[in-house]
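Trainee:
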Amino acid sequence: MKRFLALATMIVLGSCTSMMNSHRMKAAERKMLETRRLQQAGEWDAALAMAERMHSSIAKSITSAPIQKSSGGTTVDLLTLLTGWENGPFAALKTTLQKHDSKGSPAAFASLRQQCVNCHTVLGKSQIQLSEIP
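Counting the sequence shown from 1 gives a position; the numbering used here is that position plus 1.
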């Protein structure tokens, strides 16, 4: 009976973690869209702050379960992908927002979104659709 209870507890906790990560990623998507809205409204400081909140949601989700299975069954270290995202598209977006670069913003947002899509694809979760960035 103790083994059954332990197994049931692990399954429930694993399910909660998965739901929490899904919630965090949906929150990150909303924050990405809000960052773009703020940027388009010329609220650069607020957009930068919202981008940081988006980063926090993504980082928490990834660090809570950093090793995942790819669509092909191999293990993927999401921390490596997170570092690439942080040093690549996310850094470019932050620079664009800090410089108030309205002309460079569309490309920065598109690159950021594409990196998210790429990660989902690697994990075999291409059914997860990200909103287009206006």
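Built from N, CA and C at the ideal position, the CB exists for glycine as well.
When the Cα atoms are used, what is the spatial distance from K32 to G73?
Mentor: Their backbone Cα atoms lie some 30 angstroms apart in a straight line.
Trainee: Helix, strand or coil for I63, going by three-state DSSP, please let me know.
Mentor: Of the three classes helix, strand and coil, the one that applies to I63 here is helix, per DSSP.
Trainee: Out of curiosity, what's the CA-to-CA distance linking L82 and C120?
Mentor: Distance between the alpha carbons of L82 and C120 is about 7 angstroms.
Trainee: Taking its Cβ as the centre, do 16 or more other Cβ atoms sit within 10 Å of S132, making it buried, or is it exposed?
Mentor: It counts as exposed.
Trainee: Confirm, please, whether the CB-CB distance from I129 to A111 is below 8 angstroms.
Mentor: No.
Trainee: Going by DSSP, what residue range makes up the alpha helix (DSSP H) through T122?
Mentor: Element bounds for T122: 106-123.
Trainee: Starting from T97, trace the alpha helix (DSSP H) both ways and give me its first and last residue.
Mentor: Taken as a continuous stretch (DSSP letters only), the alpha helix (DSSP H) holding T97 covers 92-99.
Trainee: Could you tell me the boundaries of the alpha helix (DSSP H) in which T81 lies?
Mentor: Per DSSP, T81 belongs to the alpha helix (DSSP H) from 79-86.
Trainee: Between which two residues does the beta strand (DSSP E) holding K70 run?
Mentor: K70 -> beta strand (DSSP E) spans 68-70.
Trainee: Tell me which same chain residues have a C-beta within less than 7 angstroms of the C-beta of Q40, skipping the five on either side of it?
Mentor: Taken in chain order, the residues that qualify are A48, L98, S106.
Trainee: Based on the DSSP output, what are the partners of T76 in its beta bridges?
Mentor: K70, per the DSSP bridge assignment.
Trainee: From M63 to A52, what distance separates their C-alpha atoms?
Mentor: Looking at the sequence itself, residue 63 is Ile, so the reference to Met does not match. Answer to the nearest angstrom: the Cα atoms are 17 angstroms apart.
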